[in-house]
Every structure is written in C-alpha cells, then in structure tokens.
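K.L.:
Can you keep this structure in mind? I'll have questions shortly.
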Amino acid sequence: RCMRGCPHGAYFSSNSSTLHVARASGNMTLRPHSAVQSVIYDKESGKATGVRVIDAETKESHEFFAKIIFLNASAIATASILLNSTSERFPNGMGNDSGELGHNIMDHHFQIGARGRYEGFEDQYYYGRRPNGIYVPRFRNLNAATKRDYLRGFGYQGGGGRSGWNRGQGQEGIGADLKNKLTKPGPWGMTLHAFGECLPYHQNYMQLSKTEKDQFGMPIIEIDAIFRKNEDKMRIDMENDAVEMLTKAGFKDVNPFNNKDSYAVGLGIHEMGTARMGRDPKTSVLNGNNQIHAVPNVFVTDGAFMTSAGCQNPSITYMAMTARAVDFAVKELNKQNL
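Heads up, the sequence shown is in my numbering, so the first residue is 579 and it goes up one at a time.
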C-alpha cells in the first residue's frame with residue numbers, strides 16, 4: 579500500500595509520521611476541502627497577516643490569520659497563490675519585485691535507459707514487502723575525464739527481479755501446461771532507469787490566465803515549459819551508458835528504451851524553481867532562509883525555492899530545508915523579529 583502513504587511507516591509520508599506528531603501536540607487544526615486563494619498583505623506593517631481560503635464544498639470564502647505563514651502547496655500551486663496575492667504593493671504577485679515568480683520551472687526528464695536478462699541464480703528469489711532498488715550517482719561532468727558537451731548530468735535508479743506470471747501475456751501456450759510454467763519464476767532481469775537534470779531556464783514559466791477561471795473563481799494556471807538542447811544532448815548518454823554498463827556486467831539481450839512520449843516537463847512530477855532562492859532580491863524571490871525578500875513572515879519550503887534541479891529525487895531536500903526554515907522561524911518569532 580505504498581501509494582496510500584504506507585500504513586507500516588516503512589518510508590516517509592505525512593500520513594504515517596508528521597501528521598501524527600502534529601496531532602499529538604494539540605496545536606494542529608486540519609481543515610480539509612480548502613483551496614487557498616491568496617495571502618493577505620498589510621502594507622502598514624509590511625507583513626502578511628493570513629490567508630484567504632475557498633471552501634471546496636460550499637464555495638464560501640474564509641480568512642485565517644497567523645504571525646507566520648508557510649506555503650507548501652507544491653511548486654506550481656505555491657507560485658499560483660503568490661501570483662494571485664496582488665495588492666497595491668505587489669501588483670504582479672506577492673514578493674515578485676524581481677519578476678522571477680513563476681519562472682525557471684524545472685523537472686526531471688526520464689523514461690530512458692536500458693534493461694537486460696541475466697543467466698544464473700535460478701535457485702534464488704527476492705523477498706520482502708517492497709524490495710528496494712539501486713542508485714547510480716551522477717558520474718558525468720565531475721572532472722575533465724567525464725566532461726561532455728552538455729551541462730550537469732544524470733543518475734540511474736533501477737533494480738533487479740525475476741519475471742512473474744504476467745510474462746504469460748506474450749507467451750505461447752494454452753491450458754494446464756501454460757499455467758504450470760507460469761507458477762515458476764522467470765529469468766532474472768535488471769533495469770537502469772535514468773533521471774536527468776533540467777537547467778533553470780527563465781523562458782520556462784507559468785502565469786495566471788486573464789480570462790479563464792476555475793470552479794472556485796480563481797484564475798487558471800497557464801504553463802509554457804519545455805526541455806531544451808542541453809537535455810536533448812544529455813539523453814544520448816543516458817541511453818548509451820545504461821547499455822554499456824549492463825553489457826559489461828554480463829547481462830544478455832540488453833535493450834535500450836526511450837519513451838519519447840514521456841519527454842515533457844511535468845511528467846517527472848518533480849516540479850521546482852518557481853520562487854527561486856537567492857542573495858539578491860533583484861534576481862530571486864526568497865532569501866537564504868526561505869523567506870520572501872519583501873515579506874519576511876512568509877516562508878516557501880516546497881520545490882518552488884530550488885535554484886537547481888539536480889538529478890536526485892528532491893523530496894528529502896525539501897524536508898531538510900523545511901526543518902531548517904522552521905527552526906529559524908521559531909527562533910526569530912521568540913526574538914519578536916517576525
């Protein structure tokens with residue numbers, strides 16, 4: 579039941595860990611069916627005072643107030659909330675003095691690599707609820723010896739296993755003989771599945787529609803983002819290197835794969851970069867503590883703050899940065915600086 583948040587708590591999810599801790603504190607109010615419309619800004623204090631929320635069932639508008647606000651709606655939704663948070667001070671969206679809000683959308687490109695068959699270990703089988711995979715860290719563009727004609731690089735996720743009864747979908751046979759064959763595990767195989775980095779292009783952006791609205795009366799999000807030449811060049815190595823590694827490791831029938839239909843921003847579901855962090859308010863939205871430069875009591879700690887995509891799964895990085903920002907916010911609140 580991994581996709582439901584893992585009731586065993588074997589890997590992180592808010593359902594199995596942090597929500598329980600928050601509830602036990604006695605300080606959590608969980609309000610479902612709520613669509614955040616905008617952050618409320620007070621020009622006198624130069625701070626945010628709360629958020630406006632649309633009840634998804636009744637369509638009623640509510641306002642909730644707080645001393646500090648953390649936006650963690652995901653990179654696209656967080657940016658849309660800030661873009662919709664307009665005021666006399668921020669006519670183009672809260673914290674958008676630099677014009678970078680909504681820009682620099684990044685995602686990982688994937689669905690490319692290779693798979694092969696291995697002869698041997700017929701007397702062995704994997705075990706466990708969810709046998710985990712392997713990871714090959716980035717090895718391109720680390721030094722002169724690994725330099726390529728593109729920037730940054732990629733890593734591999736993957737794993738091995740024995741094919742099961744579902745191989746019968748393409749297997750000849752009928753009746754009891756076929757069924758008996760399918761009760762025995764098939765040969766061992768392994769897949770190397772590449773995840774590549776996308777550079778932060780200012781041209782990859784999102785904006786709010788000036789004419790179309792959703793069911794809650796909020797502007798529809800419009801996205802214009804594509805992978806570009808640097809990613810195109812990278813994918814050649816992403817495929818060829820996987821074939822080379824599996825072949826040298828002794829695998830048979832090694833075949834590359836490249837699902838070109840999945841080569842699009844958003845399908846990797848690792849969106850980031852829409853409210854980038856930086857030292858200069860002229861070129862970024864957030865400072866080094868994840869605060870909006872011009873609104874210090876609003877923190878953004880989801881993928882929106884990222885300035886580089888890397889090639890790794892990013893969620894643990896978001897969690898670490900969130901913990902860091904929360905620690906900072908609590909200390910500043912206790913000093914009455916927020």
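Even for Gly, the Cβ is constructed at its ideal location relative to N, Cα and C.
Computed from a predicted structure; not experimentally measured.
1) Give me, in chain order, the residues of the same chain whose beta-carbon lies closer than 7 Å to that of Pro585; leave out the 5 immediate sequence neighbours on both sides.
2) Can you give me the Cβ contacts of Leu729 inside the same chain, cut-off strictly under 6 Å, excluding the 5 residues immediately before and after it?
3) For Gln747, which three-state DSSP category applies?
4) Any idea if Ser663 is buried or exposed, counting beta-carbon neighbours within 10 angstroms, 16 or more meaning buried?
5) What residue range does the beta strand (DSSP E) around Phe906 cover?
6) Reducing DSSP to helix, strand and coil, say where Thr861 ends up.
7) For Gly583, name the three-state secondary structure that DSSP assigns.
8) Let me confirm a value: Thr789 is counted as buried when at least 16 other C-beta atoms fall within 10 Å, else exposed. Which label applies?
9) Here's a check: name, in chain order, each residue in its chain whose Cβ is nearer than 6 Å to the Cβ of Phe906, leaving out the five neighbours to either side.
10) Below 8 Å on the Cβ atoms is my contact criterion, and I expect Ala653 with Gly851 to pass it. Report the Cβ-Cβ distance as a whole number of Å.
11) Under a Cβ-count criterion, where at least 16 other Cβ atoms within 10 Å of its own Cβ denotes burial, should Arg667 be classed as buried or exposed?
12) Should the segment 795 to 808 be called in touch with the segment 817 to 837, which here means at least 3 C-beta pairs below 8 Å?
13) Between the segment 766 to 784 and the segment 726 to 741, do three or more beta carbon pairs fall short of 8 Å?
14) Are the CB atoms of Val863 and Leu679 nearer to each other than 7 Å?
15) For Leu760, name the three-state secondary structure that DSSP assigns.
16) Is it true that the CB of Arg630 sits closer than 7 Å to the CB of Ser612?
17) Suppose only complete runs of 3+ residues qualify. What are the beta strand (DSSP E) ranges in the segment 779 to 821, listed by chain order?
18) Is it true that the CB of Ala602 sits closer than 7 Å to the CB of Pro834?
19) From the DSSP secondary-structure annotation, give me the bridge partner or partners of Gln869.
20) Quick check: what's the CA-CA separation for Gly677 versus Glu641?
21) Let me know the secondary structure DSSP gives Phe883 once reduced to three states.
22) Just how far apart, CA to CA, sit Met672 and Leu661?
23) Among residues of its own chain, excluding the 5 on either side of Ser623, which ones have a beta-carbon nearer than 6 Å to its beta-carbon?
24) At a cut of 8 Å, does the segment 779 to 789 reach the segment 746 to 759 through at least three beta carbon pairs?
25) Which residue's Cα is closest to the Cα of Asp633: Leu608, Leu916, Val614 and His871?
26) So if DSSP puts Met823 in a beta bridge, which residue, or which two residues, is it bridged to?
27) Return helix, strand or coil for Asp620, following the three-state DSSP convention.
28) Okay, do the segment 891 to 902 and the segment 698 to 705 touch, 3+ Cβ pairs below 8 Å being the bar?
P.N.:
According to the data block:
1) Arg579 and Ser594, listed in sequence order.
2) So the qualifying residues of the chain are Asn808.
3) If DSSP states are grouped into helix, strand and coil, Gln747 belongs with the helices.
4) Per the 10 Å Cβ criterion, buried.
5) No beta strand (DSSP E) contains Phe906, which is instead part of the alpha helix (DSSP H) from Ser893 to Asn912.
6) If DSSP states are grouped into helix, strand and coil, Thr861 belongs with coil.
7) Gly583: coil per DSSP, three-state reduction.
8) By the 10 Å Cβ count, Thr789 comes out exposed.
9) Excluding residues within five positions, the ones whose Cβ falls inside 6 Å are Asn867.
10) The Cβ separation is near 7 Å, so the contact holds.
11) Of the other Cβ atoms in all chains shown, fewer than 16 fall within 10 Å of the Cβ of Arg667; this residue is therefore exposed.
12) Between the segment 795 to 808 and the segment 817 to 837 there are fewer than three inter-stretch CB-CB distances shorter than 8 Å, so the stretches are not counted as touching.
13) Contact holds: three or more Cβ-Cβ distances are below 8 Å.
14) Yes, the Cβ-Cβ distance between Val863 and Leu679 is below 7 Å.
15) For Leu760, the secondary structure class from DSSP, reduced to helix, strand or coil, is helix.
16) No, the Cβ-Cβ distance between Ser612 and Arg630 is not below 7 Å.
17) Listed in chain order, the complete beta strand (DSSP E) runs (minimum 3 residues) inside the segment 779 to 821 are 783 to 791 and 797 to 802.
18) Contact check for Pro834 against Ala602 fails: the beta carbons are separated by 7 Å or more.
19) Paired residue(s): Phe877.
20) If I take the Cα positions, the gap works out to 27 Å.
21) The answer is helix: DSSP assigns Phe883 an H, G or I state.
22) Those two C-alpha atoms are separated by around 6 Å.
23) Non-local C-beta neighbours of Ser623 in its own chain, meaning closer than 6 Å and more than five positions away in sequence, are absent.
24) No, the segment 779 to 789 is not in contact with the segment 746 to 759.
25) When each option's Cα is compared against that of Asp633, the closest is Val614.
26) Looking at the DSSP output, Met823 shares a beta bridge with no other residue.
27) Strand at Asp620.
28) Too few Cβ pairs lie closer than 8 Å, so no.
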